[in-house]
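Numbering (my numbering), first residue to last: 221 to 336.
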């Protein structure tokens with residue numbers, strides 16, 4: 221679901237972000253992705269078609285985690301006119317000096333694609 225930081229006023233400190241990463245203010249928005257009761261967390265976010273790319277093309281995702289992480293982030297890239305897709309694993313491991321309850325920016329390399 222789409223949420224804003226002000227939706228979570230009064231919740232336990234660190235459980236939700238207090239600002240939107242992209243704008244740095246409480247007026248922003250973020251996607252709240254929760255696992256199922258069985259502990260599975262599989263979500264799909266579909267982007268618009270990118271009309272072109274180059275060698276430096278990357279996808280950047282800001283991730284906020286309040287608790288332990290037990291999974292990976294995978295980016296699936298599928299050209300419009302193709303049945304084939306390729307996957308890019310995004311490292312989600314935290315450094316020892318990283319803290320829970322902070323935004324972490326993750327990058328996936330897309331690179332040059334022959335078609336959109």
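Backbone N, C-alpha and C fix where the C-beta goes; we use that ideal spot for every residue, glycine too.
So, under 8 Å CB-CB, residue i and residue j are touching, yes? Tell me the CB distance rounded to an integer number of Å.
i: residue 270; j: residue 293; result: 19 Å between Cβ atoms; not a contact.
i: residue 323; j: residue 258; result: The pair is not a contact, with the Cβ atoms about 27 Å apart (cut-off 8 Å).
Kindly list the residues whose CB is nearer than 7 Å to the CB of residue i, restricted to its own chain and excluding five residues on each side of it in sequence; keep chain order.
i: residue 278; result: 327, 328, 329 and 330
i: residue 274; result: 332
Quickly, what does DSSP pair residue i with across the bridge? List them, please.
i: residue 360; result: What the structure shows of the chain is the stretch from 221 to 336, and residue 360 is not part of that stretch, so it cannot be assessed.
i: residue 325; result: 282
With DSSP run on the structure shown, which of helix, strand or coil describes residue i?
i: residue 227; result: helix
Leaving out five residues on either side along the sequence, give the residues of the same chain with a beta carbon under 8 Å from the beta carbon of residue i.
i: residue 244; result: none
Entirely within the region 247-288 and at least 3 residues each: give me those beta strand (DSSP E) ranges in chain order. 278-284
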